[in-house]
Structures are given as C-alpha cells and as structure tokens.
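Protein chains in written order, with my numbering: chain A, 1 to 710; chain B, 1001 to 1332. No residue lacks a Cβ here, since even glycine has one placed at the ideal position from N, Cα and C. The structure presented is a predicted model; accordingly, all values stated were derived computationally and were not measured.
Here it is in structure tokens:
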C-alpha cells in the first residue's frame, strides 16, 4: 500500500498530453508488443518532465514502474499467437462442434496474466471449488470474486490497470477513452462491442421506464451527464466538462458501475426493439407487471441471479434461484490467459452451498469449503486452527481495511433537543472518547491483537501521520471528568450518574444491529468505564432495518457499527466518507440525506467544521493536481480527528481465511477489504488452482500479520 | 358419522377465513413494508433511492392499495390455487416453496414416528415397573431430553456426526445432491442427515409423551377388569396390550392435531440452527423482510395443517374407540 502510485493514471493529471494506459499483460505476439510499446515509451518520455512533488509519490516513481512493467512484456509473451491451450473440460464440446475452438473464442489480444509478478505459479486445469454462503442473495459474491472489470485494482499497490478493456486514455480526469479487445465475446458467444455500451447509455440509463431517476449517480458530475461517443466498434469515449475522479474507481469497485449490457439479449425485452404483442406475452409469462419490470428482473449483472444473462466473468451462474446450492461453470469466452497460453480460469466449477451463517464456521472446520473468509470472524480462529489437521486446510490471517472495526456514532441529528445539543458539543464527544479504555477492549475481546484508536486512516495508508489515531483517543478519565464538569453536567443522582440540564439522568442508549454478541460484549466494557465518569450506557440490539430507520429519523442517540469502509486511502481515493454525503453515516444521517437528495430531504450541515469538510470534499473533486488532493486530505483528516465525529474503538482486527491445502496461488498475506479489494477479487481467483497438497506454511509466516502490529 | 364429517368440514371454512384475516393483519403489523426493507438494502449498497422510484415500485407491487384490497387480492388468489408473488425472490410463491414442503413433511413425520417409537416402550415399562430403578432412570433420561436446549444438542450431535461418520454439517443431504433428481443415493444421504434433526426435535417431545403414557396406563392398570383378566390367567403381555394400553391411547390420538403445529413450529428453530431446507427458515426470512405473500401463504399452510390434523385425529378417535362412535350415534 505504500507503493509509488495508487491509480495507474496519476501521470496524466493536469498535463495536456494523453498517456496511454497499458495493461499489466503482454499482447499476443512479440510484434504486437513492440508496436504498442513504442508510442507508449514516447508518451512516457513526455511525461517524465518533473512536475510536482518528487519522491515516492512522484512522477518518476510511476514512470519507473511503467518501464519495469514494459520489461516484463517480452519474456511473458506466449510462444505463438495460435498456441492457446484448450481447457480439457471444454474439449468434448469443441470436438462435437458445440463450441468453436479456443483461438476463435478468445479476443484477438487476450489479457495475458503475469503470474510471476504477482508471486503466483502457473497452474493446472480442473477441480470444483466449494464455498459456503449465508443466503440465496450471496450468489452476487461470484461477481465480486470473479472480478472481471473494465479496469481493476492491482493488489498491494492498488494501482488501476485495464482488464476487460485493452486500454484506457484519460485526459485531465475529464475525458475517458476506452478501447475494447477486438473479438471479445460474451459468455454465450455473441460479440462484446461498443454497441453494448451504447445500449446501456441510450436505452437503459436514459430510458424513463427503466431508470426513472436517470443515469447512475457515479456518472453525474454536479448534475451534468457525460457526453458518450461511440467512436468505433471498439472505442468509446465518456467526457464531462469538469473532472470526475471517481469514475474509474467506480468501474473497479467490488460492486462495479456497469457501463455496458448484453444488448443482444436484453433487446428481446426492450419496448423499443420489440413487437408489442410478443413483448406482452413475455411479460405475462414472466409474471411481471410491465416490460420495464421484466427488463429489470432479467438485467442484473451484479445480482448474478439469471443464468440466461450473458456475462464476462470467469465463471457463469447455471443455477436458477431459489436454491441451496449454486453452481458456476467456467466461461468458455473468458478473456484472460496465463503466460503459457492456457485460458483461465484454471478451476472448472465453483459451488456455493447455502447454509445458516451460524453454521458456516463449523462447516468450514469440517473441511466443506476450500476457500472461505465470508461469515468467519476472528473469534472462530482458534476453532479453525484446531480442525486444520483433521480437514486438511490452512488458516491465513489477512489484514482488514476498516478505519475502525467498531466505532460509536453519536447522532448529531438526534430528535431530543437536549441530547442533540450535547452531542454537537465537541467537548462532550471528546469526554466520551477519553473515558473509553481501548486497551482493555483490545486485550479482553481481541487477544490484544487489534489496534486501538480513532476511526481514521490506518498506518498502511500514505496519508497516515502520527497522532491522527491517538488524538482524543487515549484513556484519560480525569480529563473526561473535567470536560463534563466544564460543560455544566455537574449534578449527579444517587447512582452517581450525571444529570442533564433538564434534570434527566445522562443515560445513553447505544443501539446495535449486531447479529452477533461481539458488539454488546464491547459495550459492556465501555459501560464500565463511562460509568466511572458518570455516564450510564444501555445497549439495545435491534433488527437491522429498524435500526437504520431509527438512526435516520433521529430517534437513536448513539449507535455502534463498523468504522470507515476504506482505512487505506491515498490522495486519489475519494474522501467522501469523511464529509456528510451519505445517510448511512450514522453520526449525521440528515446532513447526508440532504446531500444525497440534492436538498430535497434532510437538513443542511450547520456546524462550521462539517461545512468545511463538505467544502473540502467538493474542492477535492475539482482539484487539478495530486499535491492539492494530498493537501485537502490532510486538512480533512485533521478536522476529523480533532472533532471526533465518530468514536473509534479498535481497528485492524484480522480476518481468518481458510484455504484448502490443495488450493494453490492464494496469497498467505493479503488485505481483506470490500472496496477497493472485492475480498478475494483483486487476488484473482481465476488464477487459483487445485494441485498436489502443499506443505504447510510455517507458523511464523502464518502469524506474521499478528506480529507486525506488536 | 357422515353428518358429523360434513359438519366438521363446514366449520373448517369460517375457521380458515378467520385465520387468513388474522394472519394477514399480523404480518402487516410491524412498521414499513417489503419496500422499506428493499430501500434499506439498496442504500446499504450505495444506491441512490429517490422518492419517485419508491412510489413507482410501490405501485408496481400493489402496496399503495388499501389493506383490505390487498387482502382480497391475496385471498382470491388462494382460492384459485395462486399463492401470490414473492417480492424477495421475484417468483411465484409456489415456485419458491418447491421441495421444501415435501422435506418438511418427511422431517416432521420422521420426528413423530421417533417420538412414538421411543416413548411407547419406555412409557409402558415405566408404568409396569413403577418406582423401580428402571422407571427412575428412564424418566431421568426423558427429563434431560426435555431440559437440554434444542440448538445446543443440535450442534453437539452435528459435530460428532461429522467427526465419527463424516456426515456433512447441516442441511438434509450432502451438498452434491442438492437440486439433483431423486436417486437411491440421495435418499440414503437424506436418511444419513435426517436422524440428527429428528433426534433433536424428538427428544423434547418424548419426555412429555412418556409421562403421559405412564400416567394413563397406571390409571388403567389399577382397574378391576385388569385384575380380572390376570386372575383368569390371561398371559401378562396380552393382558397389558389388548385392553389397558388401548384405553391409554385415546389422549394420544386426540393430541395429533395439537402435535402437528407444535412439531412444525418447534422444528423451525432447529431448522434455522441446522440450516435445513424446510419451510421454517424460509418463513422466518419472509417475515423479517416482510415479504407478505410468501409469509402469508406459509402461515396458511400451517393453519390448514392444524385444522386438517384436528379433523383427522377426531376421525381416528371415533374409529378407534367404539364408545365415542356409538355414543355419538345415541345422543341424537
């Protein structure tokens, strides 16, 4: 995470030139590789003019990385353009004429995966990867794990590189030109072209029946729609008059922004392309109310619940929901190949078994999953280790990226006027934070393996600086007492609980949607240390939907939940989570709603610091250079730690990842994060394979993540 | 007898109508509807939800109509065999439920059988050997079964079934048989998995059954006809089984109607823990997400089961006990 650059494109920002962003992969043949490399080198030379801050985040570092990548191209190229290997699982279909041969199925220039650079070994074909999920809807996890994206993150550096796309050109963060791979096909064999992009933009995003609210918000820059130009069957351009730095990250997300749809499939149910009578029959057969509902039901690229919907993912779903077992078969038209010309994925089939979430650790311990992290938590670690020998797997510990594993959210929009006033008093929030013994929570609940401190960026982020995590987050009951006295909460009742200005005792109900007892266990400890300064805490677990609605309505005084989603941001990551931009920010739901609805609902932020955060966020979106972004981030993080809007408890709780001994290429150390990360996604499960049982990883390597934080 | 049957059948109609109304109202009682669940989910995934879209969806699902209209729509559908549309699965309810009803019936039938098979011999032994070591010992076992929390026993049994027999944890069959056509291997796999939930749900039922059988039988054993039979030199087993046991059985038959819903709802909790593909977990999920037609149809299924169970038990009783059958005839 401390690498040279986080997006592959920083070099392009601000300059007038257009760098071509190449793949991490070699083109099919040497000659093509050279053809591409030459103009790229020229543009890189132009780019190498020193600009901005040099050093680890500077342009030079990026260029070096690019050159290094280029050097990789030559040896990694496959022997010959036609030397692709037919996966044995498909050989029979090819022989019978049900599928065209491999060379016709792959794009003309498939993405060649550089396994060596990722520290992976070339694999072998075959096998079924069993995994366990908690409910039917988890079939969408296959899109997350499959991680075929227009552009995708690379592990460790979190650099964006083209994946489905052959190339991306970015001009000033305003103009994005995408080049597709010629000959790329959907999983049903139909060509994947810019027509699929046009269909989405004109016939889905801008159709009043299908998208009554207009195009997805990621495509709107201050209310402005992009200009979408189809330049050729393989080139499409999106442009705005102002920068949209959130555009490419949205494409690479765990739940990506889809700019394309399988037009050939969906046109069959689109009113613009259908005979009304036929369409009506289809609508009726599908038990839908109108064609838009039918279209929306069939068109769920992310939900992944329609086996008939063509996909670009490595595995395609073949099971119709509802079911207790979902099967995913290899996509015969997948666009990635390994250096030896073998089409990925290596594993022929992935099975999701659906089981009660509470049983999943036990089932994993019994060896029923070959790769499992979802629904496992750190408390399961000892049990999982114990069953290792019996069931033939290993338990890795991956780091997580949450700003805080758990954080308290004082509701600044609380309905109760007295409480609202207190919650908005910075001193009160400081007092509450200072009165928590985080070290004790860490030792008691997490074996001392977590990080205590504020809910903010983690030490792995380049934006981290000393003091951010510790500001107002040390254990200092004396100071907390003094602060509460200073606010004027001096009266106490018989139990020693302070009295509010209107005479009620200071009893805070902390609401939790925790499905496990972990949150209430932690709250027990917070209760004791708050009681020492005269604040009484009650915890109240409620059902998640009700929980959220109560927070949104201001009925909740305080809630406990996960902290910031991405604790490892860089200057190019959107600081959206640090400004009131979302109703789901439980400390200021109404301010977030105000932003989300464009002022139609909610209330505008009325604390100067929150307004400043909002201003800074807006200026980040329009910032022209990386230095400016870094400066904006710095100021936002400062305000955030100083104001204690959320009271972070512990962070960096490790995620157990169970990996079968016969499953290869899964990194022993990784980051388990939703976005960026897509859990296993950025480690590319299409390169995982089943082979002879691996020797067990030495204990010191397995637990390296634990020791690195001591 | 025929009159009786017709009367009973006619009474079932208003009962079921009343149940359907109450069910529908109770499902609607919690604040919000399926859409609020959906909106919460969309928001949690970072989707912008605006008011126009919500209104459009509400109209699409028919949730903007008054409650009585929604009820009539649903009840009318039920009469035509259309159980409504599940919002969550976006499928007709009948398709969603599928195999689950069959597996639920298999599980519950197995459980009842287990309860009978275990409690009858024990109950008879306890009654004939009252206050002996055996009586106390078996009663103790029964009470332990009653007192152990179901879910705990379930987890313990699962673990040992896995360690000793290699049975996959949870579910009613090996994962490889799910969604496959029925074969002999699948049946065997179901049987391998079935015993854990059957034992777990059954243990709590057996204790009560043992005690009741024991008490009933003790009453009968002291009656004079038993003494007469013994004095006449009837073989002891025959003297026990032919008369007193038959008399002691009446309450059990009368109980079938009550037992059906008890077993079905009792199995819901265990099914959640063991993640069984039965109706229980699906019903709970439907209630949580306020998928009202799915939940409503499930509850109606349970209601019909109870009402039919009652009818069956009354008929069996009449058939089994001549006094009821004949007494019913003379009263008119």
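query: Please classify residue 679 of chain A as buried or exposed, where buried requires at least 16 neighbouring CB atoms within 10 angstroms.; result: buried
query: Please report whether the beta-carbon of residue 1039 of chain B lies at a distance below 7 Å from any beta-carbon of chain A.; result: no
query: Beta-carbon separation of residue 1300 of chain B and residue 1027 of chain B under 7 Å?; result: no
query: Whose CA, out of B:1260, B:1317, B:1319, lies closest to the CA of residue 1304 of chain B?; result: B:1260
query: So what does DSSP say about residue 105 of chain A, is it helix, strand or coil?; result: helix
query: Can you tell me which of the three DSSP states residue 63 of chain A falls into?; result: In this predicted model, residue 63 of chain A has a pLDDT of only 38, less than 50, meaning its place in the structure is not dependable enough to derive any value.
query: Can you tell me whether DSSP reads residue 326 of chain A as helix, strand or coil?; result: strand
query: Residues of chain A with a CB under 9 Å from the CB of residue 1273 of chain B: which are they?; result: 356, 358, 359
query: Determine the burial state of residue 700 of chain A: buried for a count of at least 16 other Cβ atoms within 10 Å of its Cβ, exposed for fewer.; result: exposed
query: For residue 1297 of chain B, which residues of its own chain have a beta-carbon under 8 Å away from its beta-carbon, when the five flanking residues on both sides are left out?; result: 1078, 1083, 1084, 1093, 1097
query: Would you decide whether residue 226 of chain A is buried or exposed? Buried here means 16 or more other CB atoms lie within 10 Å of its CB.; result: buried
query: I want to verify the contact list: residues of chain A whose CB lies under 7 Å from the CB of residue 1090 of chain B, in sequence order.; result: 297
query: What residues of chain A sit near residue 1096 of chain B, judged by a beta carbon separation below 7 Å?; result: 322
query: Nearest to residue 409 of chain A by alpha carbon, out of A:376, A:513, A:532, A:440?; result: A:513
query: Which value, in whole angstroms, describes the spacing of the CA atoms of residue 322 of chain A and residue 280 of chain A?; result: 25 Å
query: Which chain A residues sit within Cβ distance under 7 Å of residue 1027 of chain B?; result: Neighbours of residue 1027 of chain B on chain A: none; closest Cβ ~15 Å, over 7 Å.
query: Classify residue 351 of chain A as helix, strand or coil using the three-state DSSP reduction.; result: strand
query: With 7 Å as the threshold, decide whether the Cβ of residue 363 of chain A is near any Cβ in chain B.; result: yes
query: Would you grab the beta carbon distance between residue 1032 of chain B and residue 545 of chain A for me? Rounded to a whole angstrom, and I think it's under 8 Å.; result: 7 Å
query: For a test of the three-state rule: what should DSSP assign to residue 405 of chain A, helix, strand or coil?; result: coil
query: Put residue 374 of chain A into one of helix, strand or coil per three-state DSSP.; result: coil
query: Keeping to the same chain, check which residues put their C-beta closer than 7 Å to that of residue 147 of chain A; ignore five residues upstream and five downstream.; result: 678, 681, 682, 684
query: Taking Cβ to Cβ, would you say residue 221 of chain A is nearer than 7 Å to residue 237 of chain A?; result: no
query: Do we get a CB-CB distance below 7 Å when we pair residue 1297 of chain B with the residues of chain A?; result: no
query: Anything in chain A within Cβ reach of residue 1162 of chain B, meaning under 7 Å, just list it in chain order.; result: 366
query: What is the rounded straight-line gap between the Cα of residue 21 of chain A and the Cα of residue 172 of chain A?; result: Low local confidence applies: a pLDDT of 43 at residue 21 of chain A is under 50, so the model's placement there is unreliable, with the coordinate-based value given in what follows. The straight-line gap from Cα to Cα measures roughly 14 Å.
query: In whole angstroms, what separates the C-alpha of residue 591 of chain A from that of residue 604 of chain A?; result: 5 Å
query: Within 10 Å of its beta-carbon, does residue 1006 of chain B have 16 or more other beta-carbons around it, so buried, or fewer, so exposed?; result: exposed
query: Have a look at residue 653 of chain A and residue 693 of chain A and give me their C-alpha separation to the nearest angstrom.; result: 29 Å
query: If you follow the beta strand (DSSP E) that residue 230 of chain A is in, where does it begin and where does it stop?; result: 227-232
query: Is the Cβ-Cβ distance between residue 587 of chain A and residue 645 of chain A less than 7 Å?; result: yes
query: Give me the chain B residues within the contact set of residue 270 of chain A, using Cβ-Cβ distance strictly less than 7 Å, ordered along the chain.; result: Under the 7 Å cutoff, chain B gives no residues; its nearest Cβ is about 18 Å from residue 270 of chain A.
query: Can you find at least 3 beta carbon pairs, one from the segment 431-442 of chain A and one from the segment 471-490 of chain A, that sit closer than 8 Å?; result: yes
query: Any beta-carbon of chain B closer than 7 Å to the one on residue 353 of chain A?; result: yes
query: Out of B:1227, B:1024, B:1107, B:1187, which has the shortest C-alpha to C-alpha gap to residue 1072 of chain B?; result: B:1024
query: Taking C-beta pairs closer than 8 Å, name the residues in chain B that residue 287 of chain A reaches, listed in chain order.; result: 1085, 1091, 1092
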